[in-house]
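The listed protein sequences correspond, in order, to chains R and G. Per this note's numbering, residue 1 is the first one in the first sequence, and the count goes up by one each step. Per this note's numbering, residue 154 is the first one in the second sequence, and the count goes up by one each step. Note that beta-carbon positions come from the ideal geometry of N, C-alpha and C, so glycine has one too.
2 protein chains.
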Amino acid sequence: MSTKFTAIEGFAWGKLLNVHASMMRQLEEMLQTQYHISHGEFEVLLRLSWASEGRMRIRELAETSVLTPSGMSRLVDRLVRSGLTRRENAPEDGRGAYAVLTQSGQERLIEAEASNIALVKQRFLSLYNEEELKQLGAFWRRFLEQEANTTNR
Amino acid sequence: MSTKFTAIEGFAWGKLLNVHASMMRQLEEMLQTQYHISHGEFEVLLRLSWASEGRMRIRELAETSVLTPSGMSRLVDRLVRSGLTRRENAPEDGRGAYAVLTQSGQERLIEAEASNIALVKQRFLSLYNEEELKQLGAFWRRFLEQEANTTNR
DNA sequence: TATATGTGAGTGCGCACGCATTGTCAATAG
DNA sequence: CTATTGACAATGCGTGCGCACTCACATATA
């Protein structure tokens, strides 16, 4: 295998990085200035809202994110100080702690999520028709299926 | 505009994030364990290798990256301590400083870049034929052209 | 030339993170 | 029941970064 990219390969890969960086920069700036939360904090609030009764274990949150348990513990700390979550001891496991979405957290999340979705639609999704979005999804599915196969062994 | 994603939209956007995260995680782990450099340091070495005589101004490096000038100054510091770059005063501008690729930096970069390209090909590019890669590139081009239009005003 | 304004690089400080460790509790073995 | 091992959350420490600032120098203006 060659140690160089073809022009087509270099473009397909390199510009993917640029597109991702541009979108993330815009999303993070919007979340910070309008809602005073980082993108990581936003994602935690979002996962909590999906969970039953708006609560998840710290460890579970860490596993479904890019953070370690220690980083997640501190992130939840910040959310607690901001009043967006609270901690609750796990009744069934004395070691465990839940992060629980507060009323204030739900309200902040609803607005932040709406802005988040609007920005992604406006800047990214609106550029492609449904057929093209399906095509993109098919590309990602192919990648993720290969990942699932190779990480299991 | 709706405040929800359609299933197709959510997949096309959400899985793009997953694909990017998976690739970046693999690349960063490879660069760190095999070459003892971060991905940001790798990109700086790469840009230096593209520049004439392997030298660029700190400010210029910062502008073409995600870092601020202060962050870039410190990143170059680390590269200097590792022996991969050296600093040189700019003769034409007494304020300025160049980061210059050393021999050791060139050697490290050549190997790291080969590994980087091999990993991207193996894990990502090899999943798609040339027609599909062209299509991906066309999607990215559409996005970046829109960005160029809207950021200029 | 003399002064004011702008720019490049570097630094003190605060913040967020990972790693290693600790404290607490659960689960298993004897 | 006791001891060992393992798991969850939290914390001390080191590191990398941005922001605000400083210093050195360049550029513009009178």
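- Under the three-state reduction of DSSP, R/Arg141 is assigned to helix.
- Looking from the CA of G/Ile161, the closest CA among R/Phe143, R/Leu125, R/Thr150 belongs to R/Leu125.
- It is roughly 33 Å from the alpha-carbon of R/Thr64 to the alpha-carbon of R/Phe5.
- In the three-state scheme derived from DSSP, where H, G and I count as helix and E and B as strand, R/Ala97 is classed as strand.
- Within the same chain, and ignoring the five residues on either side of R/Ala112 in sequence, the residues whose Cβ sits closer than 8 Å to its Cβ are Leu31, Gln34, Tyr35, Ile37, Phe42, Leu45.
- If you check each beta-carbon in the region 28 to 50 of chain R against every beta-carbon of chain G, none falls closer than 7 Å.
- Rounded to the nearest angstrom, the gap between the Cα atoms of R/Val100 and G/Glu245 is 59 Å.
- Among the CB atoms of chain R, none fall inside 7 Å of the CB of G/Gly258.
- Classified as buried, R/Val120 has 16 or more neighbouring CB atoms from the shown chains inside 10 Å of its CB.
- Taken through DSSP and simplified to helix, strand or coil, R/Thr150 comes out as helix.
- Taking C-alpha positions only, R/Arg59 is separated from G/Leu214 by approximately 38 Å.
- Taking a beta-carbon distance threshold of 7 Å, R/Ser65 does not count as an interface residue toward chain G.
- One Cα belongs to R/Pro69, the other to R/Arg47, and the distance between them is close to 16 Å.
- Taking C-beta atoms under 8 Å as the contact rule, R/Ser104 and R/Leu84 qualify, at a distance of about 6 Å.
- When Cβ-Cβ separations below 7 Å define contact, G/Gly224 makes no contact with chain R.
- Counted as a single uninterrupted DSSP element, the stretch harbouring G/Asn282 is not any alpha helix (DSSP H), since DSSP gives it neither H nor E.
- At a beta-carbon threshold of 9 Å, none of the residues of chain R lie near G/Thr238; the nearest stands roughly 23 Å away.
- Secondary structure at R/Thr85: strand, using DSSP grouped into helix, strand and coil.
- Within its own chain, the residues whose Cβ lies closer than 8 Å to the Cβ of G/Arg208, once the five positions on either side in sequence are excluded, are Leu201, Glu241, Tyr251, Ala252, Val253, Leu254, listed in chain order.
- A distance below 7 Å separates the beta carbons of G/Ala165 and R/Leu136.
- G/Glu182 is positioned such that its CB atom lies no closer than 7 Å to that of R/Ser22.
- In the DSSP annotation of this structure, G/Ala204 is not part of any alpha helix (DSSP H), being labelled neither H nor E.
- Interface criterion met: the Cβ of R/Gly137 is under 7 Å from a Cβ in chain G.
- Close to G/Tyr251, with beta-carbon spacing below 9 Å, lies no residue of chain R; the smallest spacing is near 25 Å.
- Within the DSSP bridge table, the entry for R/Met72 names no partner.
- Within the same chain, and ignoring the five residues on either side of R/Ser73 in sequence, the residues whose Cβ sits closer than 7 Å to its Cβ are Ile58.
- R/Ser115 has a beta carbon lying at 7 Å or more from every beta carbon in chain G.
- R/Arg55 has R/Val100 as its beta-bridge partners, per DSSP.
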